[in-house]
Amino acid sequence: MRRLPVYLLIDTSESMIGQAIEAVRTGLGTMLSALRKNPYALEMGALGVITFGGTARKVTPLTEVYAFQQPDLEVKPGTMLGGAISLLDQAISTEIVRTTPDRKGDYKPLVFVLTDGQPTDEWRSAFHHFKQNHKSVVLYAIGCGNDVDFTILKELTENTYSMEQMDADAFAKLFVCISSSITSASGAIGDQGKQGGAINLEKDAGGTIRKIEKAETIGSRKQRQVFIPGVCQKTRKPYLLRYRWNDEDGCYQCMAGHKLEKAFSREETGAIETVSSSELQGLVPCPHCGNEGHGRCDCGTVTCYALGKGFNSMFGTKVCCPGCGKIGHMASGGVFNVGQSRG
1 MRRLPVYLLI DTSESMIGQA IEAVRTGLGT MLSALRKNPY ALEMGALGVI
51 TFGGTARKVT PLTEVYAFQQ PDLEVKPGTM LGGAISLLDQ AISTEIVRTT
101 PDRKGDYKPL VFVLTDGQPT DEWRSAFHHF KQNHKSVVLY AIGCGNDVDF
151 TILKELTENT YSMEQMDADA FAKLFVCISS SITSASGAIG DQGKQGGAIN
201 LEKDAGGTIR KIEKAETIGS RKQRQVFIPG VCQKTRKPYL LRYRWNDEDG
251 CYQCMAGHKL EKAFSREETG AIETVSSSEL QGLVPCPHCG NEGHGRCDCG
301 TVTCYALGKG FNSMFGTKVC CPGCGKIGHM ASGGVFNVGQ SRG
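Rendered as structure tokens:
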């Protein structure tokens, strides 16, 4: 049986933490359920998943829809789009059955790229190599949220779309749209025996996405989001503070605190850039214990501390650093650099 290969390239950078990554997990399950209910998609569909955060990973090789198991999606700092494209290049070269004089091979692959940020690696050379090797691939790029550089996505493909909202409902509709496009492609093959061209995803998106006809060139600008990894003083569990650039105030405003399933490794945080605390404004409670203050130890660890009754703004509060075990006092004020990631 000739297969219709479908690859999903999913951004798992730290900017996807929280509701977005949970919505993607749910959406994948919904999509898989829909495909298994369609006889054509069930018969010829095959899915592969590549994630890109701090590294690119092929989490699921090309697998028939009936046997596909939903992969684990793990958030990591960075947006290694180039690495994901290189893995896609290798996957298509090794997993797709080619047409020969003796047999017909698989149909041309469909590729869906989902990202909510800007690449943090050199991706153009990887993409150039990919296009040289795989000219017939039908590629769709969906930029999620308000921090996407669509000039980059338009370099990947003319089939570029914007999904401004990143809530559960938006992702649910997006994956319904993707499953519909796969179903349409497999149905056309089943009914007509041939594969069509690109499909307009807007048709089945319920207003959730819109096609980008022309992307404006973006000049130099501040990184729109930064993320500060920390460790809860009370529970010793990792968390992530999300800051978004505010053009009006000229600073990064703290928007949310997210629990991390596990701390980023030294390798993952070793190349993290620093940002001055003078550019960071506002605080949110620690997502683990509710402490309202966050500060940096001399060892570089960011941790939370209490700002409630008994806090002395001059002498601070006594804190045991969860990173190095040093006991000291944390007080408000002062300017220092903290490690940040920017996926």
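Sequential numbering of the sequence shown, starting at 1, is according to the working numbering.
Heads up, the beta-carbon is just placed ideally off N, CA and C, and yes, glycines get one too.
Keep in mind the model is a prediction, meaning the values are calculated, not measured.
Query: Write down every uninterrupted run of the beta strand (DSSP E) in the segment 120 to 168 whose length is 3 residues or greater and which is fully enclosed by it, in chain order.; Result: 138 to 144 and 160 to 163
Query: Report yes if the CB atom of Q233 is closer than 8 Å to the CB atom of R244, and no otherwise.; Result: no
Query: Using DSSP with H/G/I as helix, E/B as strand and the rest coil, what is V111?; Result: strand
Query: When you compare the CB positions of G45 and A172, do they come within less than 8 Å of one another, or not?; Result: no
Query: May I have the straight-line CA-CA distance separating G323 from F264, to the nearest angstrom?; Result: 13 Å
Query: Alpha carbon to alpha carbon, how far is G53 from G197? Give it in angstroms, no decimals.; Result: 30 Å
Query: Identify, in the order they occur along the chain, each residue of the same chain with its Cβ nearer than 8 Å to the Cβ of H128, setting aside the five sequence neighbours on each side.; Result: none
Query: From the DSSP output, read off the bridge partner residues of R242.; Result: F227 and A256
Query: What do you reckon, are the CB atoms on M255 and A20 nearer than 8 Å?; Result: no
Query: What whole-angstrom Cβ distance do A34 and S179 have, given they're in contact under 8 Å?; Result: 4 Å
Query: Applying the 10 Å Cβ sphere with the 16-neighbour rule, what's the burial state of A41?; Result: buried
Query: Pull up the CB-CB distance for T79 and S13, whole angstroms please, since I reckon it's below 8 Å.; Result: 4 Å
Query: Assign K37 to buried or exposed, taking buried as 16 or more other Cβ atoms, counted over all protein chains shown, within 10 Å of its Cβ.; Result: exposed
Query: Expressed to the nearest angstrom, what Euclidean distance is found between the alpha-carbon atoms of G290 and K262?; Result: 19 Å
Query: Using a Cβ-Cβ cut-off of 8 Å, state whether R224 counts as contacting chain B.; Result: No chain B is part of this structure, which consists of one protein chain only.
Query: Going by beta carbon distance, what residues of the same chain come within less than 6 Å of R350, once the five residues before and after it are set aside?; Result: For the chain, the structure presents residues 1 to 343; residue 350 sits outside this window and is missing.
Query: What separation, rounded to the nearest whole angstrom, lies between the Cα atoms of K108 and T160?; Result: 19 Å
Query: For N200 and I228, what's the separation of their Cα atoms in angstroms?; Result: 38 Å
Query: For G209, which three-state DSSP category applies?; Result: At residue 209 the sequence reads Ile, which differs from the Gly that was named. Three-state result, I209: coil.
Query: First and last residue of the beta strand (DSSP E) that includes I327?; Result: I327 to M330
Query: Does M163 pass the burial test, meaning 16 or more other C-beta atoms within 10 Å, or should it be called exposed?; Result: buried
Query: Looking at C-alpha atoms only, which residue of T157, L62, V6 and D249 is the closest neighbour of E213?; Result: T157
Query: What would DSSP say about C286, mapped onto helix, strand or coil?; Result: coil
Query: Grouping DSSP H, G and I as helix and E and B as strand, with all else coil, what is P5?; Result: strand
Query: Straight-line CA distance for R351 to L87?; Result: No information on residue 351 is available, as it lies outside the stretch 1 to 343 that the chain covers here.
Query: Tell me the residue span of the beta strand (DSSP E) that contains R57.; Result: A56 to E64
Query: Specify the secondary structure class of Q19 as computed by DSSP and reduced to three states.; Result: helix
Query: Would you kindly work out how many angstroms separate the C-alpha atoms of R266 and G82, rounded to a whole number?; Result: 22 Å
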